[in-house]
Structure formats: structure tokens, C-alpha cells
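Chemist: Dropping a structure here in C-alpha cells format, bear with me for questions.
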Amino acid sequence: MDGVLAELTGEGYEVELKVPLKDIKRLERTLIGLGAVKLNAETQHDEYYDHPCKSFRTTDEAVRIRNRIPTGESEKPRGGAHRPMLELTYKGPKVDPKSKTRVEVTLGVSELGSTRSFLEHVGFKYVATVTKNRVFYKVEGVTVSIDEVEGVGLYVEFEQIVESKDSVEPVRDMLLSLTQKLGLDSKQSTRESYLELFLRKHPPYSV
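The opening position of the sequence shown corresponds to residue 247 in this note's numbering, with each subsequent residue numbered one higher.
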């Protein structure tokens, strides 16, 4: 029998800032100048589902299956093929007015088809798939993701996971400070998810 839920990979508050980006190369040079370390790169296919008894659009929640496929020089394919990494994630309502901070619970899953079937059998409805190419950096303890999102555009995300809600505000302020160091305008940051941005641009769906 196919295993579906493999392990609990993380739970906590995801403190996140997202800023639109115009020049990837310039940002990468600035990151390296601050001592950032380039990590891995991957393509992410994110499938979003809606709850059978309430609208996640109204409650500001999300359920997502993420299919992660390593790309670039860091990739070491086995058996001549990519080996995707699968995650099932719940995201709670945003809890901070200046960032995308929210509770996040992620489960590692072992089989995409079984995970889809599980969600469908308990009543969840497929909404859309958002695909992006993501490159990870680490600087000053912060995970920085440069994203090319299909049908949406270029963005950079700054993220740190904290265990307590009391830690949200100081970490958020630290992320805001980092955006300034990188020459970005934090006033342009958006609290919309990639799903919201995608659906806004691609009828017949709307948000």
C-alpha cells in the first residue's frame, strides 16, 4: 500500500516578506556582497485545494501539495531522472498587518497520486497549480528565495520560521531591515500569496 503521510517536517509561524523584483542579477550581486551563501535551486509545482465546508478565500487559509524538483548544479539525479520531493502544507490566516506571517504545518508525503486522492475523498476541491523556479540564498540567518513565477512575475521572499507568536514582530522588523540593506523598497511588499496573484491575472478564477 502506498504511504501518504511520511513525516511532520515543520510547524510554527512563517514570518515572510514578499517584494516584487526587477533585476535578478543586481540582487544576487548585492546578496553576495552581504556575505550570502547560494544554496540550491528547484522548480516547485504547487497545487492548491479549497475546503469542502468553507471558503479559504474568505478565511485566508490554504492547503497545498508542493512537488519540488531540484535543478541546476546542485542537482544529483539518481537513475537518470529527477526525484521530486513532496509536501502537504496547511497555512493559517495571516496574523501580522505588515507581513505574510501565518501558522504553517507541513507534512512530508511519499506519493503524489495518493495525496491527491486523499484530499479529494475528504471533499477538498482542486483550485489551481502555481509553478515557479526558485533559487535559495542564506544571509544573516534568513532564507532568501528569488522566484520566477509562471504567469505572475519576478519576486523575492524573505522568510524565517519562529515557534512563538511573541517572536513574530522582532523577526519581521529584522526582515524589513534586510530589504533596505539590499536596496529594495519594503513599501512595495505584498501580503498576497502567489495563488492570489495568479488567480487575479488568470480568469475565469477570481479572488
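The beta carbon of each residue, even a glycine, is placed where N, CA and C say it ideally should be.
In this text the structure is predicted, and so the values were computed from the model without any measurement.
(1) My output table needs one value for Ser432: the three-state DSSP class, helix, strand or coil.
(2) Note the first and the last residue of the continuous beta strand (DSSP E) segment covering Val355.
(3) Taking the alpha-carbon of Gly397 as reference, which of His291, Thr389 and Val385 has the nearest alpha-carbon?
(4) Does DSSP put Pro298 in a helix, a strand or coil?
(5) Across which residues does DSSP place Asp306 in a beta bridge pair?
(6) Around the Cβ of Ala327, are there at least 16 other Cβ atoms within 10 angstroms (buried) or fewer (exposed)?
(7) As an exercise, report each continuous alpha helix (DSSP H) stretch of at least 4 residues that is fully enclosed by the segment 375–445, in chain order.
(8) Of the residues Ala374, Glu403 and Glu350, which one's Cα is nearest the Cα of Val388?
(9) Hey, would you say Glu307 sits closer than 9 Å to Lys337, going by beta carbons?
(10) I need the boundaries of the alpha helix (DSSP H) containing Leu273, first residue and last residue.
(11) Contact between the segment 372–380 and the segment 415–432: three or more CB pairs below 8 Å?
(12) Between Asn286 and the ligand NAP, is there a pair consisting of the residue's CB and a ligand heavy atom that are separated by less than 8 Å?
(13) Within 10 angstroms of its Cβ, does Asp431 collect 16 or more other Cβ (buried), or is it exposed?
(14) In angstroms, rounded to a whole number, what distance separates the CA positions of Thr255 and Ser439?
(15) If you draw a straight line from the alpha carbon of Lys300 to that of Leu285, how long is it in whole angstroms?
(16) Just to confirm my understanding: we take Thr436, look at its own chain, exclude 5 residues before and 5 after, and list those with CB closer than 6 Å. What are they?
(17) Rounded to whole angstroms, what's the CA-CA distance from Lys427 to Tyr383? Just pull it up for me.
Modeler: Based on what the coordinates show:
(1) Helix at Ser432.
(2) First-last of the beta strand (DSSP E) with Val355: Arg348 to Val355.
(3) Here the closest residue by C-alpha is His291.
(4) In the structure shown, the three-state DSSP call for Pro298 is coil.
(5) Under the DSSP definition of a beta bridge, Asp306 lacks any partner.
(6) Note on Ala327: pLDDT 42, under 50, position unreliable in the model; the coordinate value appears next. Classification for Ala327: exposed.
(7) If we require 4 residues or more, the alpha helix (DSSP H) runs fully inside the segment 375–445 come out as 414–427.
(8) Measuring from the Cα of Val388, the nearest candidate turns out to be Glu403.
(9) Contact: yes.
(10) From DSSP, the alpha helix (DSSP H) with Leu273 extends over Ile270 to Gly279.
(11) Counting Cβ pairs under 8 Å, fewer than three are found: no touch.
(12) Within the structure as shown, the ligand NAP is missing, as the structure has no ligands at all.
(13) Counting every other CB atom within 10 Å of its CB across the protein chains shown gives Asp431 a total below 16, marking it as exposed.
(14) The pLDDT assigned to Thr255 is 48, lower than 50, so where the model puts this residue is not dependable; a value taken from the coordinates is nonetheless given after this. Distance between the alpha carbons of Thr255 and Ser439: 21 Å.
(15) The alpha-carbon of Lys300 is positioned some 38 Å away from that of Leu285.
(16) Within the same chain, Thr436 has close Cβ partners Lys264.
(17) For Lys427 and Tyr383, the distance between alpha carbons rounds to 15 Å.
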